[in-house]
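A quick write-up on the structure given underneath.
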Amino acid sequence: MNEQHFDFDNRAEGISAFSHLVLDHLVTQLVECHHDSSLLFKVKFILGELLNNAVKHSGTSKSVFSLEVHKEHLIITKTDNGQPLSYFTAIASKPNEPLLISYDSIHSLYAVFKNEKVEFYNTEVDNTDLYINTLSEHMGLLIITKAASEFTYSYRQPANIFTVKLNLG
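At position 120 of the sequence shown (counting the first as 1) the number is 145 in our numbering, and the numbers step up by one without a gap.
In structure tokens form, the structure reads like this:
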């Protein structure tokens, strides 16, 4: 296993440079792994959404990103000391009970509290009547959920911990 930590200053103007730094590092780490060509594409989307989350919602001046490259999977973790997700208490109060976080004319995004963390999953809706105005604020969470093999969130006061796992096989 290879693990690397990166500090992000939660400023919008730093997103592009930080993304390049992390992706360049990741490319060097994945040289020996056999992964499909879509992996870096997924990582770029996931990283962009986690960075946007840091800038727009964390309310803190710094986030720490960790990359762990294992033989069979990659784990990306974003940690900050901001306020917990607004719906964390509602989800945590009803373990194992899915909560609809957002929906649009194509997808529904759910969160369920299991094993001390929130797990995200989505379902697709077969709808031919698509309306752009139905896209939700939680589109970033949906993008991460769809791109990842697993996507979880936990709050261990004072830390918000977003964990994304991608299979390398």
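Every residue, glycine too, gets a C-beta built ideally from N, C-alpha and C.
The structure presented is a predicted model; accordingly, all values stated were derived computationally and were not measured.
Just measuring C-alpha positions, the residue of SER62, PRO120 and HIS95 sitting nearest MET26 is HIS95.
Beta bridge pairing from DSSP links LEU99 with VAL94 and LEU191. The C-beta of LEU125 has fewer than 16 other C-beta atoms within 10 Å across all chains shown, which makes the residue exposed. Counting only residues of its own chain and dropping the five nearest sequence neighbours on each side, THR170 has a CB closer than 7 Å to the CB of LEU134, PHE145, TYR146, ASN147 and PHE176. In the DSSP assignment, ILE168 falls within the alpha helix (DSSP H) that extends over 164 to 172. Within the same chain, GLU93 and LYS190 come within 6 Å of ILE100 by CB-CB distance, once the 5 residues on both sides are set aside.
Your pair LYS103 and PHE90 checks out as a contact, with CB atoms roughly 5 Å apart and the cut at 8 Å.
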